[in-house]
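To start, the structure under review is shown below, and the notes come after it.
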Amino acid sequence: MSITYLEAIRAAQAHALAVDPRVFIYGQDVGDFGGAFKATKNLAKEFPGRVLDSPISEDAMIGMAIGAAIEGMRPIIEMQFADFSTVGLNQIVNHAATFYWRNGRPCPITVRLPSGGTPGGGPFHSQSLEAIYAHYPGLVVMTPATVEDAYMMLLQAVALDDPVIFCEHKFLYYHLKADALPQETLPFGKARVVRPGRHATVVAYSAMVHEALEVAQSFAQEGFEIEVVDLRTIKPIDTDTVLGSVARTGRLLCVGEAWPWGGVTAEVIARAATDGFELLDAPPVRINARDTPIPYHPNLWAAHRPAAPAIADALRKLLRV
Amino acid sequence: MNAALESPLTGRAAELKQVFRWMLTARLLEDKLAGLYRAGKIYGGVYRSKGQEAVSAAIGHHLKPGDVFAPLIRDTAGRLAFGESMYDVLRTYLGSVKGPMRGRDGNVHRGDLGRRLLPMISHLGAMLAVVTGTLVARRMKGETGMVGATCIGDGGTSTGAFHEGLNLAAVEKAPVVVLVVNNQYAYSTPTSRQFACRDLIDRAEGYGVAGHSLDGTDFAASEAVIGEAVRRARNGEGPQMVVASLLRLTGHAEHDDATYVDDALRAAHCGRDCLDAASQMLITSGILASDQQDRLKAEIASQIERAASEVLREPAPDAATELWTSFHSVPSDTW
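Read top to bottom, the protein sequences are chains C and U. Numbering of the first sequence is given in this note's numbering, commencing with residue 254 and proceeding in unit increments. Numbering of the second sequence is given in this note's numbering, commencing with residue 5 and proceeding in unit increments.
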């Protein structure tokens, strides 16, 4: 049996709907159509009245979810693309995110954001917005990189009492496959050392984990053992695991698909520099996308986003220092 | 036809006296808040509802325990009618740590989730979808007979959030009453710069919801029309949009002297004070005589004084003992 990253997301939703009557799904085209990416295929039929088509109203969709959460439900809102979530930004960051701090009661909504670039996606179907949501206090932001994490972390997201922004990567939807779904996983908020190493640490998340692994494998042939850390959740960040890795290797590269100003890579580097300065044998390095909107044409898109060649180049320089 | 509007006032004496009580309490409580503001005791702004007490009291009065209410910035009367304590009002304005928001939010951004009195966020229009969400959730759980209500001004109806929220409520056929209070100004912005339709009530048809127009200065009409809207929502007739016309008789906030308000509006019918008009109506109909009203006013004023002096002595929040965490499931200082 082979299960894709997308199928894992569907399986997690099916499981959540089956075991928890408080769960329902709301989004555009999620009902009978099964969702733009088929993440809810057959779920409307299997769970009548709990997988509902919404109008194109991201603000009201999130507002509705907040109201449902107030009444004890556990809504999953599917944004059709992460890029459209900004229409609902206000309800996410000013309402759901502030709810616990202002009202003393958590707001257990899960907002799924199909994120990341694919060839031909263009500026408004390709964005990685984890940093925007991470910046506002009160939101958990998950960025699963594997089929297993897509499954288990979505279940964790629904179970968490806090609002969760679940950034699933569209490029991984159909490309990434696993043999089986896991029954257990790391505790919420923990990063994973995907590949142990000695000579340098590459911290990555989501689709970039696989680019980093590809580079690590090729460097292994030259005798360099590159440690790859998958953050898994970028709010909160598991700083301990990152610093522990830097303690072992002394060299840090952080790669992210989002834009270069600020963001996850800046946050990781800042923490390493302030909390782990003595651990570093070389200046830390960041790799991000270029500071432009995401291009449409695959030629431009391929040069815009970080990938294995850029990671390899940067690692080579880092190892020579 | 609205039977309540047609019947003589004396037949609704109990209702009208109750609504009047909430209006009067709101006015006196806000007088106190304005005084405290001028005395420098209040942080941030004070937002009064002078001129709007009738419609607000009416909606709060007609909602029942178990209903959900998301009031906005000029709903002191409605909140009191719905069950909010004047202590919560004073505590939130005065920043007492014992208040419902514990100093983390202030003035009109307060509520009581246990009572389903939802604390607003500042972004106008946002609460409508939230009210709809509470109702849809309860319907999913098999509950029936509940109603939700939210209030908004003429300015607030211009937001995308209002549009999305009302449209979604209509699509979901939610039992929600949307009380649009056209008080002619959004801060300093007149309605000519706010919307181009003939009358905001015309939008009801556009959204596919029932519409009710109302002279918001008439407290008896407010009680009748809003009561009817609540009844129809509860009866499963979908969202009810009430558009009440009146004039804001105060500044946008206490720091605003509202000199931009058109004198013609002040002199027009919509510029009359609903509380004065209600007082007159109760006297001429024999429901509540002048001396009875004076006694009521003195009783309420004394309650307010007592509550205010108590709350003024309460402690403020202490930054040193605050739990500086925004997550429920993540330990403090983990971000």
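For glycine and all other residues, C-beta sits at the position ideal for the given N, C-alpha and C. Just so it is clear, the structure is predicted and the values come from calculations on it, not from any experiment.
{"Query": "Closer than 7 Å by beta-carbon distance: list the chain U residues that pair up with residue 358 (chain C), in chain order.", "Result": "117"}
{"Query": "What is the DSSP secondary structure of residue 393 (chain C), counted as helix, strand or coil?", "Result": "strand"}
{"Query": "Mind the definition here: the stretch 478–498 of chain C touches the stretch 450–461 of chain C only if three or more C-beta pairs lie below 8 Å; say whether that holds.", "Result": "yes"}
{"Query": "Determine the closest residue to residue 268 (chain C) out of C:555, C:411, C:336, with distance taken between C-alpha atoms.", "Result": "C:411"}
{"Query": "Is it the case that the Cβ atoms of residue 532 (chain C) and residue 499 (chain C) are separated by a distance below 8 Å?", "Result": "yes"}
{"Query": "Just checking: is the beta-carbon of residue 310 (chain U) within a distance shorter than 8 Å of some beta-carbon in chain C?", "Result": "no"}
{"Query": "Which of helix, strand or coil does DSSP assign to residue 245 (chain U)?", "Result": "strand"}
{"Query": "Do residue 288 (chain C) and residue 306 (chain C) come within 8 Å of each other at the CB atom, strictly closer than that value?", "Result": "no"}
{"Query": "Looking only at C-alpha atoms, which of U:233, U:174, U:36, U:218 sits nearest to residue 203 (chain U)?", "Result": "U:218"}
{"Query": "Ends of the alpha helix (DSSP H) at residue 569 (chain C)?", "Result": "561–573"}
{"Query": "Taking 8 Å as the CB-CB limit, is residue 324 (chain C) close to chain U?", "Result": "yes"}
{"Query": "Of all the CB atoms in chain C, is at least one closer than 8 Å to the CB of residue 331 (chain U)?", "Result": "yes"}
{"Query": "Contact defined as beta carbons within less than 8 Å: I believe residue 134 (chain U) pairs with residue 121 (chain U). What is the distance between those atoms, to the nearest angstrom?", "Result": "No, residue 134 (chain U) and residue 121 (chain U) are not in contact; Cβ-Cβ is about 12 Å, not under 8 Å."}
{"Query": "Quick one: what's got a C-beta closer than 8 Å to residue 451 (chain C)'s C-beta in the same chain, skipping five residues either side?", "Result": "478, 480, 501, 502"}
{"Query": "Considering only residues of the stretch 110–179 of chain U, which uninterrupted alpha helix (DSSP H) runs meet the minimum length of 4 residues and lie entirely inside it, listed in chain order?", "Result": "130–144, 164–175"}
{"Query": "Below 8 Å on the Cβ atoms is my guess for residue 181 (chain U) versus residue 112 (chain U); work out the distance and round it to an integer in Å.", "Result": "About 20 Å separates the two Cβ atoms, so there is no contact after all."}
{"Query": "Could you tell me the distance, in whole angstroms, from the CA atom of residue 159 (chain U) to the CA atom of residue 198 (chain U)?", "Result": "6 Å"}
{"Query": "I'd like to check one pair, residue 273 (chain C) with residue 327 (chain C): are the Cβ atoms closer than 8 Å?", "Result": "yes"}
{"Query": "So, for residue 42 (chain U): in the same chain, excluding its five sequence neighbours on each side, which residues have a beta-carbon less than 8 Å away from its beta-carbon?", "Result": "258"}
{"Query": "Hey, is residue 208 (chain U)'s beta-carbon within less than 8 Å of any beta-carbon in chain C?", "Result": "no"}
{"Query": "Please list the segments of the beta strand (DSSP E) lying wholly inside the stretch 487–539 of chain C, counting only runs of 3 or more residues, in order along the chain.", "Result": "505–508"}
{"Query": "Please confirm if the stretch 89–97 of chain U is in contact with the stretch 302–317 of chain U, defined as three or more CB-CB distances below 8 Å between the two stretches.", "Result": "yes"}
{"Query": "Residues in the stretch 149–173 of chain U with C-beta within 7 Å of chain C's C-beta atoms, listed in sequence order?", "Result": "164, 165, 168, 169, 171, 172"}
{"Query": "Quick check: the Cα distance between residue 430 (chain C) and residue 271 (chain C), rounded to an integer number of angstroms?", "Result": "24 Å"}
{"Query": "So with Cβ pairs under 8 Å, would you call residue 310 (chain C) a contact of chain U?", "Result": "yes"}
{"Query": "Give a yes or no on whether the minimum CB-CB distance between residue 105 (chain U) and chain C is below 8 Å.", "Result": "yes"}
{"Query": "Compare the C-beta of residue 140 (chain U) with all C-beta atoms of chain C and state if any pair is closer than 8 Å.", "Result": "yes"}
{"Query": "I'd like to know whether the C-beta of residue 461 (chain C) is nearer than 8 Å to at least one C-beta of chain U.", "Result": "no"}
{"Query": "Any idea what DSSP makes of residue 368 (chain C), helix, strand or coil?", "Result": "strand"}
{"Query": "Residues of chain C with a CB under 9 Å from the CB of residue 305 (chain U): which are they?", "Result": "The premise fails here: residue 305 (chain U) is roughly 32 Å from chain C at the closest Cβ pair, so nothing lies under 9 Å."}
{"Query": "Kindly indicate if chain C contains any beta-carbon less than 8 Å away from that of residue 123 (chain U).", "Result": "yes"}
{"Query": "Is there at least one Cβ from chain U nearer than 8 Å to residue 318 (chain C)'s Cβ?", "Result": "yes"}
{"Query": "Evaluate contact between the stretch 345–363 of chain C and the stretch 294–309 of chain C, counting only Cβ atoms and requiring at least three cross-stretch pairs below 8 Å.", "Result": "no"}
{"Query": "Rounded to whole angstroms, how far is the Cβ of residue 227 (chain U) from the Cβ of residue 20 (chain U), which I believe are closer than 8 Å?", "Result": "6 Å"}
{"Query": "Applying the 10 Å Cβ sphere with the 16-neighbour rule, what's the burial state of residue 136 (chain U)?", "Result": "buried"}
{"Query": "So does the stretch 294–303 of chain U actually touch the stretch 72–86 of chain U, counting three or more Cβ pairs closer than 8 Å?", "Result": "no"}
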